[in-house]
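A.B. asks: What follows is a structure written as structure tokens; I'll ask about it next.
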Amino acid sequence: MDHIETESYLDALENVAGRKFRHRSDIKVLLELSSSRANVFEEIVFYAKFISNAYAVLRRTGSAGEDTSRLSAEFEEKLGRSASLIRTMLADATPEVRTNFTDRFLAPSPDSMARFLDFLNELSWIKNYHNDKKRAR
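For reference, each letter of the sequence shown is one residue, going 0 to 136 in numbering that gives the first Met the number 0.
Set out below in structure tokens:
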């Protein structure tokens, strides 16, 4: 995806989401890196949707029950897998981009985790967008 296509795609995503993305430039980086790692990017987007939905359920219900404890374990597993996949995507990026992503989204801190969850939520709109396009056909 070239720069103009990426910007148009992000405009369409924000239109579907009904809001501007805070992490638009970071999503753009992954989109532009996805040409060489499309399967990895698709997996990240798939997990992003799961994580966003699971996080909403866990926030609403807590993780005390048997069902939610399983969901909580799967949530943690997929969160770790997503971070690993993003690191894989970033292997082709400049050192500056890798450091930026690591410091902002993948550092072991509450602020970084909050940003990472927000970033994944915005990435999940890619899955929503593609699902909507499939249904429209």
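Yeah, the Cβ is synthetic: ideal placement off N, Cα and C, and Gly gets one too.
Just verifying my parser: in three-state terms, what is the DSSP assignment at Pro107?
C.D. replies: Pro107 falls in the coil class under three-state DSSP.
A.B. asks: Residue ranges of each alpha helix (DSSP H) run of no fewer than 4 residues wholly in the stretch 17 to 79, ordered along the chain?
C.D. replies: 23 to 32, 37 to 60
A.B. asks: Taking contact to mean at least 3 C-beta pairs separated by less than 8 angstroms, is the stretch 61 to 80 in contact with the stretch 43 to 50?
C.D. replies: Judged by Cβ distances under 8 angstroms, the stretch 61 to 80 makes contact with the stretch 43 to 50, as three or more pairs qualify.
A.B. asks: Mapping the DSSP letters down to three states, classify Thr87 as helix, strand or coil.
C.D. replies: helix
A.B. asks: Measuring straight from C-alpha to C-alpha, what distance separates Ser33 and Val96?
C.D. replies: 15 angstroms
A.B. asks: Compute the distance between the beta-carbons of Thr98 and Arg36, then report whether it is under 8 angstroms.
C.D. replies: Against a cut-off of 8 angstroms, the Cβ pair of Arg36 and Thr98 comes out as no contact.
A.B. asks: Given this structure, state the Cα-to-Cα distance separating Arg18 from Leu84, to the nearest angstrom.
C.D. replies: 26 angstroms
A.B. asks: Between the Cα of Asp10 and those of Trp124, Lys133, Ala135, Glu65, spot the shortest distance and give me the residue it belongs to.
C.D. replies: Trp124
A.B. asks: How many angstroms separate the CA atom of Asp131 from the CA atom of Leu30?
C.D. replies: 19 angstroms
A.B. asks: Would Val28 and Ala92 be called neighbours here (beta carbons separated by less than 8 angstroms)?
C.D. replies: yes
A.B. asks: Starting from Thr98, trace the alpha helix (DSSP H) in both directions and tell me its first and last residue.
C.D. replies: 94 to 100
A.B. asks: Comparing C-alpha positions only, which one of Thr60, Tyr8, Val15, Asp102 sits nearest to Ala82?
C.D. replies: Asp102
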